[in-house]
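Peer 1: Got a structure here, written out as structure tokens. Questions coming.
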Amino acid sequence: MDNLLNNLRQRIPIQEISIPKELSDDELLNVLTEISQENPYYVKSFFNKLFRTDIDQDEFYELFSEVINSKPKQVTETDIITYNINGVLVKIRETPRIISGSGTTGLRTWEAALYLSLYLSNHLELVQNGNVLELGTGTGLVSLYLLKEPKLKLQDLIITDGDSALIESLSHNFKLNDISIASVNCHSLWWGKDVVPSSIDTIIAADVTYDAEVIPSLVKCIQTGLEQGAKQALIAATIRNEDTIKVFEETIVQNGLNFTIESRVRKPSELDATVWFSQLTQEIRIYKITK
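Written out as structure tokens, the structure reads:
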């Protein structure tokens with residue numbers, strides 16, 4: 007049942023959803039009602055699948071009548087997705103149907119951010135009581151998870167991205183999670199140009215290695231942070247292109263730094279996790295970079 011609710015909140019494709027034989031009608035109805043406020047067509051599609059089972063459906067007909075005439079969202083329309091990071095629910099307003107393109111990478115949550123969040127949830131000691139700098143925050147998932155994790159205490163969290171407009175839009179996601187963005191140090195940081203904050207213990211980033219042209223600036227930024235006293239950088243990378251990730255690894259070494267692969271999953275879709283990964287998701291690695 008928990009798996010079904012997590013999948014619905016994350017808006018995984020309806021054809022990928024498995025409906026258990028025993029349902030908690032009230033719990034399911036509450037989640038579907040919440041989803042219907044933002045994406046009624048998704049709820050309609052789920053009902054079309056649910057009603058083909060032999061499960062008692064009486065509890066759901068009123069809500070079904072409300073969504074029956076709904077239409078699918080357009081590619082550029084936003085949705086509010088909820089990710090369950092090992093029990094911590096993080097809401098993100100994003101454009102999940104955006105695939106890629108100039109200026110669009112920060113409009114959806116990418117798989118490496120999910121994996122890094124899961125990794126940190128199992129290794130809180132890496133950032134406990136520390137000062138953390140996130141590069142390329144995108145939708146803000148990783149930082150929002152860290153801020154909401156009840157077992158974690160941070161001295162400081164600095165959230166950055168090269169897109170200043172994206173930084174401004176993060177306020178919506180903070181509000182969704184009942185966090186005041188005014189209470190967080192959040193600003194634009196252009197790798198290789200802007201000043202890298204000092205007094206940092208750990209640098210984190212996810213899905214920032216997709217473009218070989220920006221890798222030298224990224225590694226230089228990490229190098230500066232390490233030279234200023236950071237103990238480590240944890241970088242989550244989806245391996246979409248072997249040549250690009252080779253450039254990343256070679257650039258680390260060329261800058262006099264060391265790296266280890268702390269975690270890797272070759273088939274993320276086979277993970278037994280509270281978040282879902284598509285079967286098309288390629289290998290994800292977490293690199294630890296040190297001086």
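Quick note: the sequence shown uses our numbering, first residue 7, plus one each step.
Here a beta-carbon is modelled for each residue, glycine too, at the ideal position from N, C-alpha and C.
A quick note: this is a predicted structure, and the numbers were derived from the prediction, not measured.
By a C-beta neighbour count over all protein chains shown, 10 Å radius and 16 as the cutoff for buried, is Ser170 buried or exposed?
Peer 2: Under this definition Ser170 is an exposed residue.
Peer 1: The beta strand (DSSP E) with Asn264 in it runs from where to where?
Peer 2: Residues Asn264 to Val271.
Peer 1: Taking DSSP as the reference, what is the three-state secondary structure of Asp167?
Peer 2: In this structure, Asp167 counts as strand in the three-state DSSP scheme.
Peer 1: If you scan the segment 80 to 139 from start to end, which runs of the alpha helix (DSSP H) of 4 or more residues do you find wholly inside it?
Peer 2: DSSP runs (the alpha helix (DSSP H)) wholly in the segment 80 to 139: 117 to 128.
Peer 1: Assess contact between the segment 133 to 150 and the segment 173 to 188, defined as three or more Cβ pairs (one per stretch) separated by less than 8 angstroms. Is contact present?
Peer 2: The segment 133 to 150 is in contact with the segment 173 to 188.
Peer 1: Could you tell me the alpha carbon to alpha carbon distance between Gly168 and Val220, rounded to whole angstroms?
Peer 2: Cα to Cα, the separation comes out at about 11 angstroms.
Peer 1: Locate the alpha helix (DSSP H) running through Gln16, then write down its first and last residues.
Peer 2: Gln16 -> alpha helix (DSSP H) spans Asp8 to Gln16.
Peer 1: I'd like the span of the alpha helix (DSSP H) that includes Thr39, first residue to last.
Peer 2: Taken as a continuous stretch (DSSP letters only), the alpha helix (DSSP H) holding Thr39 covers Asp31 to Ser42.
Peer 1: From the DSSP output, in three-state form, read off Ile61 for me.
Peer 2: In this structure, Ile61 counts as coil in the three-state DSSP scheme.
Peer 1: If I follow the unbroken beta strand (DSSP E) through Lys294, where does it start and stop?
Peer 2: Where Lys294 is concerned, the enclosing beta strand (DSSP E) stretches over Ile290 to Thr296.
Peer 1: Quick one: grab the DSSP three-state call for Ser5.
Peer 2: Outside the modelled stretch of the chain, which goes from 7 to 297, sits residue 5, for which no answer is possible.
Peer 1: Roughly how many whole angstroms lie between the Cα atoms of Ala239 and Leu130?
Peer 2: Taking the straight line joining both Cα atoms gives about 14 angstroms.
Peer 1: With 16 other CB atoms within 10 Å as the buried threshold, where does Arg58 fall?
Peer 2: Exposed, by the Cβ-count rule.
Peer 1: If you measure between the beta carbons of Leu141 and Val37, is that distance less than 8 angstroms?
Peer 2: Not a contact, by the Cβ cut-off of 8 angstroms.
Peer 1: For the beta strand (DSSP E) that Thr287 lies in, which residues bound it at each end?
Peer 2: Here Thr287 belongs to no beta strand (DSSP E), and DSSP marks it neither H nor E.
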